[in-house]
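As numbered in numbering that gives the first Met the number 0, residues 0 to 166 make up the sequence shown, in order.
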Amino acid sequence: MNSRSSASVVVVLSHYILKCDVPTKGLRLLDFLNDRNVNFMQVENGTLFRRNDAEPVASSSQTLVVKDNIEMVVLAEETRPGNRGLFYATVGKRTVSVIVSLPVSVVEGTVHLKSAKDPNSFLTLEAGAFVPVTNATIHQLSTATPILKASVVIVNKSAVSSLSFAS
């Protein structure tokens, strides 16, 4: 994390992963992503990787990312301590375990509901364009082993193939 107004993240796109810093301009990262007046997310200090490759494809000091093309944003662990309120809301809500399938990955974790009783009402009535999943485990569809655990993963609702409330 560069400063109080930026977040170190991993942006997951359909075929690429971008490790970068997002200048949030003082907004919580979730609010910044859900701002429908802005179609692009400017990132800094970005390194672009193919999805299953450790060799970087390119690096840049500034990059524009089309928000609609983002599958999920994974917050770096150093982003959270001491700055929780800056990146996502911590309002007391009912929590539900979820399984979110995306085109090439699955996210298991917890969503925080206001009043939704089922996945449909959650996605249509409560969730913004981007949905935070806490205590998340990310699985690649091609492997049975989890590839990443993260405190917070922010999923693009338009990239969701299915969302299940776990029983």
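C-beta atoms are modelled at their ideal positions from N, C-alpha and C, and glycine is treated no differently.
Just so you know, these numbers come straight off a predicted model, no measurement behind them.
Check: For Val72, which residues of its own chain have a beta-carbon under 6 Å away from its beta-carbon, when the five flanking residues on both sides are left out?
Finding: Same-chain partners within the cutoff: Val8, Val10 and Ile153.
Item checked: Buried versus exposed, by CB contacts within 10 Å (16 or more), Gly45 -> With 16 or more Cβ atoms within 10 Å of its Cβ, Gly45 is classed as buried.
Check: By Cβ distance, which residues of its chain are closer than 8 Å to Val56, with the 5 residues on each side in sequence left out?
Finding: Exclusion of the five residues before and after Val56 leaves Tyr15, Leu47, Phe48 and Arg49 as the residues of its chain whose Cβ lies within less than 8 Å of its Cβ.
Next item on the list: Pick out the complete beta strand (DSSP E) segments inside the stretch 28-86, 3 residues or longer, and give them in chain order.
Entry: As for any beta strand (DSSP E) of minimum length 3 sitting wholly inside the stretch 28-86, the runs are 39-49, 55-65 and 69-74, ordered along the chain.
Next item on the list: Provide the residue(s) that pair with Pro102 in DSSP beta bridges, ordered along the chain.
Entry: Answer by DSSP bridge pairing: none, since Pro102 is not bridged.
Next item on the list: Tell me whether the beta-carbon of Val106 lies closer than 8 Å to the beta-carbon of Val132.
Entry: In contact: Val106 and Val132 (Cβ atoms closer than 8 Å).
Item checked: Leu124, buried or exposed, once every other Cβ within 10 Å from all chains shown has been counted against 16 -> Classification for Leu124: exposed.
Notebook entry, point to check: With a Cβ-Cβ cutoff of 8 Å, do Leu185 and Val103 count as a contact?
Noted result: Here the chain covers residues 0 to 166 and nothing more, so residue 185 does not appear.
Checklist line | Ala126 - containing beta strand (DSSP E), residue span | finding: Per DSSP, Ala126 lies in no beta strand (DSSP E) and is assigned neither H nor E.
Item checked: Contacting residues, own chain, Cβ-Cβ under 7 Å from Lys66 (five flanking each side not counted) -> Excluding residues within five positions, the ones whose Cβ falls inside 7 Å are Leu32, Asn38, Phe39 and Met40.
Notebook entry, point to check: DSSP three-state call for Lys92: helix, strand or coil?
Noted result: The answer is coil: DSSP assigns Lys92 none of H, G, I, E or B.
Item checked: Inter-residue spacing [alpha-carbon to alpha-carbon] between Gln61 and Leu147 -> Straight-line spacing of the CA atoms in Gln61 and Leu147 works out to 26 Å.
Checklist line | Endpoints, beta strand (DSSP E) assigned at Phe121 | finding: Run containing Phe121: none; DSSP gives neither H nor E here.
Margin query: Starting from Ala6, trace the beta strand (DSSP E) in both directions and tell me its first and last residue.
Written below: Its beta strand (DSSP E) spans residues Ser5 to Leu12.
Notebook entry, point to check: So which of Lys156, Cys19, Ala149 and Ala75 has the shortest CA-CA distance to Pro118?
Noted result: Selected option, being the one with the closest Cα: Lys156.
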